[in-house]
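Residue numbers (UniProt numbering): 1 to 95.
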């Protein structure tokens, strides 16, 4: 979201620009809304896109808090942990 250009954002995500563009388009199709207004010079977020970015930032903050809590435990965590994400977003939010 900070990069405002597909090429720069793709580089930051370590993927190609067409891959990133395609994943965003898939996400838009799955959500049934346009998230970005594309032009040849830059990318602007729609209102829906801005809301999604803010929610994603909150989720990433929660994941960081979760990791910090887990690493602060004296014993190892045991048992299964299941986290669900839609396929188009998961690769960008989780390692």
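Note that the Cβ used here is the ideal one computed from N, Cα and C, for glycine as well.
Note that the structure is predicted; figures quoted are calculated from it, not measured.
key: Pair within 9 Å by beta-carbon distance, residue 31 and residue 16   = Taking the chain shown and counting its residues from 1, the one referred to as residue 31 is at position 31. Taking the chain shown and counting its residues from 1, the one referred to as residue 16 is at position 16. Contact: no.
request  = Starting from residue 50, follow its DSSP beta bridges and name the residues at the other end.
outcome  = One-based indexing of the chain shown puts residue 50 at position 50. As computed with DSSP, residue 50 is found in no beta bridge at all.
request  = Inspect the beta-carbon positions of residue 44 and residue 54 and report whether they are closer than 9 Å.
outcome  = Numbered from its first residue, the chain shown carries residue 44 at position 44. Numbered from its first residue, the chain shown carries residue 54 at position 54. Cβ distance not < 9 Å, so residue 44 and residue 54 don't count as in contact.
task = Tell me, please, which residues DSSP counts as bridged to residue 38.
result = By one-based count along the chain shown, residue 38 stands at place 38. Within the DSSP secondary-structure output, residue 38 pairs in a beta bridge with 43.
task = Return yes when the Cβ of residue 26 is within less than 9 Å of the Cβ of residue 78, no when it is not.
result = Start at 1 with the first residue of the chain shown, and residue 78 comes out as number 78. Start at 1 with the first residue of the chain shown, and residue 26 comes out as number 26. Cβ atoms of residue 78 and residue 26: not closer than 9 Å.
query = Residue range of the alpha helix (DSSP H) that residue 26 falls in?
reply = As a first step, residue 26 is located in the chain shown; it is residue number 26 there, counting from the start. Residue 26 -> alpha helix (DSSP H) spans 17-31.
query = Does the beta carbon of residue 60 sit closer than 9 Å to a beta carbon anywhere in chain C?
reply = The chain inventory of the structure shown lacks chain C, comprising one protein chain alone.
ask   = Do you know how far the Cα of residue 83 is from the Cα of residue 24?
value = Counting from one through the chain shown, the residue named residue 24 turns up at place 24. Counting from one through the chain shown, the residue named residue 83 turns up at place 83. When rounded, the distance between both Cα atoms is 21 Å.
ask   = Which class does residue 69 belong to by DSSP, given the choice of helix, strand or coil?
value = Position 69 of the chain shown, counting from 1, holds the residue named residue 69. In this structure, residue 69 counts as helix in the three-state DSSP scheme.
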